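Reviewing the structure listed below.
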Amino acid sequence: IYKTLKFVSEVINPKLNDTVDEIKYLVEGVRGNFIPPGGSGCPTRGRVSILPTGRNFYTIDPTAVPTKAAWEVGKQLGDNLIDRYLKDEGKYPENIVMVIYSGETMKTCGDDIAEALYLMGIKPKWLENTDKVIGLEVIPLEELKRPRIDVTLRITGLFRDTFPNIIELVEEAVNTASSLDENEDENYVKRNILNEIKNLIDNGLSIEEAEEEAGMRIFGCPPGTYGAGVGILINSKNWQDVNDLGEVYTLWGGHAYGKKFHGKKVKEVFSRRLSSAEITVKNESSMEIDMLDSDDFYNYHGGLIAAVKLNSGKSPRAYCGNSSDPSRTKIKDVNEETARIMRSRILNPKWFEGLKKHGYKGAQEISAMVDIVFGWDATADVVEDWMYEKISETYLFNDERREWIKDVNSWAIHNMAERLLEASQRGMWKAKDETIEKLKGIYLSIEGDIEEHI
Numbered sequence: 070i071y072k073t074l075k076f077v078s079e080v081i082n083p084k085l086n087d088t089v090d091e092i093k094y095l096v097e098g099v100r101g102n103f104i105p106p107g108g109s110g111c112p113t114r115g116r117v118s119i120l121p122t123g124r125n126f127y128t129i130d131p132t133a134v135p136t137k138a139a140w141e142v143g144k145q146l147g148d149n150l151i152d153r154y155l156k157d158e159g160k161y162p163e164n165i166v167m168v169i170y171s172g173e174t175m176k177t178c179g180d181d182i183a184e185a186l187y188l189m190g191i192k193p194k195w196l197e198n199t200d201k202v203i204g205l206e207v208i209p210l211e212e213l214k215r216p217r218i219d220v221t222l223r224i225t226g227l228f229r230d231t232f233p234n235i236i237e238l239v240e241e242a243v244n245t246a247s248s249l250d251e252n253e254d255e256n257y258v259k260r261n262i263l264n265e266i267k268n269l270i271d272n273g274l275s276i277e278e279a280e281e282e283a284g285m286r287i288f289g290c291p292p293g294t295y296g297a298g299v300g301i302l303i304n305s306k307n308w309q310d311v312n313d314l315g316e317v318y319t320l321w322g323g324h325a326y327g328k329k330f331h332g333k334k335v336k337e338v339f340s341r342r343l344s345s346a347e348i349t350v351k352n353e354s355s356m357e358i359d360m361l362d363s364d365d366f367y368n369y370h371g372g373l374i375a376a377v378k379l380n381s382g383k384s385p386r387a388y389c390g391n392s393s394d395p396s397r398t399k400i401k402d403v404n405e406e407t408a409r410i411m412r413s414r415i416l417n418p419k420w421f422e423g424l425k426k427h428g429y430k431g432a433q434e435i436s437a438m439v440d441i442v443f444g445w446d447a448t449a450d451v452v453e454d455w456m457y458e459k460i461s462e463t464y465l466f467n468d469e470r471r472e473w474i475k476d477v478n479s480w481a482i483h484n485m486a487e488r489l490l491e492a493s494q495r496g497m498w499k500a501k502d503e504t505i506e507k508l509k510g511i512y513l514s515i516e517g518d519i520e521e522h523i
């Protein structure tokens, strides 16, 4: 206890007190003066070294991903995922698709990458007394005590740009796992690749072409572009059903990355990976953000769920991993996580009161939340009727709250009412007749007010 208190008083507290320098260094930056450098990351994960904030931050050494600490967290996440699927389905998963973010990789130093490697039964090899990754080693099946699981990654455009070495590392792990002298019933990576090679050769490809295509496991958007395409479709209302969203996701993400190719257009290969996916997963490393905080989450993970439905004909098990406490990682399915966030944050009066302090921007955050909830429901069907009903009651049918939002940002009211009505019109929400009538009244009233003030 003495050592801990000493560390808090002599190290952490002074660093926290110095965070007021954010304003000082902002002014210095505007003046074109020097700003001292500093590390980046998530302070809630014990990254004391990044404090005080406000410095000219740099990210991480990409050759030190995953670190030894991230490897331990990744193993926990992998075990959590397998255990949950065993509980839900009574068998080991054979094919998993993971969404990988660059920002999360920087914050955790590679939790997600460690999990992907561990699922395949492959371990990083580090330079002695450092976190620098210098190769890979195989975890024996006797030690692994389960089959090697086939993992496909859907990476973001930023990950493609910032971690090309990790793309090659994961590709090497796939090739290593598939070349092992093991029973195919215990090595799903090997079995899947060998079966696909045979099918491709039977369809006219050369051995070299078949081996290259069968080994593709890392996919992303076209070179030089970013995103998943789904959000554009939803925001423009240019879609009919979930299959349209799944098709765009497949098309946009159908570009393979690896040592020999950088964004090779292979939609049909990505489609095959999606058609065999039993699990989709995206992890979060901090309690500061959740899956209903940004449209990126439904774009990448919600879109992935829609794409798996389209290509496989059935819904995958979709999970959210959480490593905000690295010693106690957790896993929830997306339905459970949606309900948790809805009750703990979105319908929590304290959240609204906090947003009120930010005026126009606070109202915009509430409006954006409705868009994100809608996007998740459109792609993954995770929003229950009571959630839409409660959002309507909490933010639009509560006279005091509605008037505040209207006063600071009338367009937010307009967007919320319009989006909720769209959810009903598309059959995503079986709303009560009186609820729809109220929403229509609010929509028409605010539209009239906006027209008068334009």
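70 is the number of the first residue of the sequence shown in this note's numbering; add one for each residue after it. Where is the CB? At the ideal position from N, CA and C, for every residue including glycine. Please read all numbers here as calculations on a predicted model, not as lab measurements.
Do residue j and residue i come within 7 Å of each other at the CB atom, strictly closer than that value?
{"i": "D180", "j": "G143", "result": "yes"}
{"i": "K214", "j": "E206", "result": "no"}
{"i": "P131", "j": "F232", "result": "yes"}
{"i": "L263", "j": "A279", "result": "no"}
{"i": "R286", "j": "N256", "result": "no"}
{"i": "V258", "j": "M167", "result": "no"}
{"i": "A133", "j": "K201", "result": "yes"}
{"i": "V477", "j": "A432", "result": "yes"}
{"i": "T448", "j": "A387", "result": "no"}
{"i": "G372", "j": "A297", "result": "yes"}
{"i": "I24", "j": "I224", "result": "Outside the shown range of the chain (70 to 523) lies residue 24, about which nothing can therefore be said."}
{"i": "G226", "j": "Y295", "result": "yes"}
Starting from residue i, trace the beta strand (DSSP E) both ways and give me its first and last residue.
{"i": "D454", "result": "That residue, D454, is in no beta strand (DSSP E); its alpha helix (DSSP H) goes 454-460."}
{"i": "E79", "result": "Note, E79: premise wrong, no beta strand (DSSP E); not H, not E."}
{"i": "I203", "result": "202-207"}
{"i": "I415", "result": "Taken as a continuous stretch (DSSP letters only), I415 belongs to no beta strand (DSSP E), as it is neither H nor E."}
By DSSP's criteria, residue i is part of a beta bridge. Which residues make up the other side?
{"i": "H331", "result": "Y326"}
{"i": "V142", "result": "Bridge partners of V142: none, in fact."}
{"i": "I165", "result": "V220, I348"}
{"i": "G107", "result": "F126"}
{"i": "D402", "result": "Y388"}
{"i": "K192", "result": "E206"}
{"i": "N256", "result": "R217"}
Give every residue of the same chain whose Cβ lies closer than 8 Å to the Cβ of residue i, excluding the five residues on either side of it in the sequence, and list them in chain order.
{"i": "D250", "result": "none"}
{"i": "T319", "result": "K336, F339, S340, L343, A376, L379, N380"}
{"i": "T88", "result": "L120, P121, T122, G123"}
{"i": "L155", "result": "Y161"}
{"i": "P83", "result": "none"}
{"i": "D518", "result": "K475, S479"}
{"i": "I374", "result": "T349, S384, P385, A387, V403, T448, A449"}
Return yes when the C-beta of residue i is under 6 Å from any heavy atom of the ligand PLP, and no when it is not.
{"i": "F232", "result": "The ligand PLP is absent from the structure shown, which contains no ligand whatsoever."}
The alpha helix (DSSP H) that contains residue i, what's its start and end?
{"i": "I119", "result": "Per DSSP, I119 belongs to no alpha helix (DSSP H) and is neither H nor E."}
{"i": "F288", "result": "Note, F288: premise wrong, no alpha helix (DSSP H); beta strand (DSSP E) at 287-289."}
{"i": "M175", "result": "171-177"}
{"i": "M356", "result": "From DSSP, M356 is part of no alpha helix (DSSP H); its letter is neither H nor E."}
{"i": "L99", "result": "Here residue 99 is Val; the residue named in the question, Leu, does not match the sequence. From DSSP, the alpha helix (DSSP H) with V99 extends over 90-99."}
{"i": "K509", "result": "502-522"}
{"i": "Q309", "result": "Segment: none, Q309 is in no alpha helix (DSSP H) and carries neither H nor E."}
{"i": "M485", "result": "479-494"}
{"i": "L465", "result": "Element bounds for L465: n/a, residue is neither H nor E."}
{"i": "S381", "result": "372-381"}
{"i": "R397", "result": "No alpha helix (DSSP H) contains R397, which DSSP labels as neither H nor E."}
{"i": "K430", "result": "428-449"}
{"i": "N234", "result": "233-247"}
{"i": "A283", "result": "276-283"}
Near residue i, what residues of its chain come up, given a Cβ to Cβ distance below 6 Å and the 5 sequence neighbours on each side ignored?
{"i": "N164", "result": "D219, S345, A346, E347"}
{"i": "L210", "result": "E255"}
{"i": "A183", "result": "P135, A139, W140, G143"}
{"i": "G332", "result": "P291, P292, H324"}
{"i": "T177", "result": "A139, S354"}
{"i": "D446", "result": "V452, M497"}
{"i": "N391", "result": "E353, K399"}
{"i": "R471", "result": "L465"}
{"i": "L424", "result": "G431, E434"}
Excluding sequence positions up to five away, which residues of its chain have a Cβ less than 7 Å from the Cβ of residue i?
{"i": "A185", "result": "M167, V220, L222, V239"}
{"i": "K328", "result": "E237, E240"}
{"i": "L146", "result": "D180, E184, N352, G390, S392, T398"}
{"i": "N234", "result": "P131, T132"}
When you compare the CB of residue i with every CB in chain C, is at least one pair closer than 7 Å?
{"i": "G296", "result": "Among the chains of the structure shown, chain C does not appear; only one protein chain is present."}
Tell me, please, whether the region 298-307 touches the region 342-354 by the rule of three or more beta-carbon pairs shorter than 8 Å.
Taking one beta carbon from each stretch, the region 298-307 and the region 342-354 have fewer than 3 pairs nearer than 8 Å; the two do not touch.
Are the region 137-152 and the region 116-129 touching by the rule of at least three beta carbon pairs closer than 8 Å?
Touching, no.
So, do the region 502-516 and the region 453-465 have three or more beta carbon pairs nearer to each other than 8 Å?
Here the region 502-516 lies against the region 453-465, with 3 or more beta-carbon pairs under 8 Å apart.
Is it true that the region 474-493 meets the region 433-441, where meeting means three or more beta-carbon pairs spaced less than 8 Å apart?
Result yes; three or more Cβ-Cβ pairs closer than 8 Å.
Would the region 305-317 count as touching the region 226-242 if we require 3 or more Cβ pairs under 8 Å?
With contact defined as three or more Cβ pairs closer than 8 Å, the region 305-317 and the region 226-242 are not in contact.
Tell me, please, whether the region 388-403 touches the region 412-425 by the rule of three or more beta-carbon pairs shorter than 8 Å.
With a cut-off of 8 Å, the region 412-425 and the region 388-403 do not count as touching, because too few Cβ pairs lie within range.
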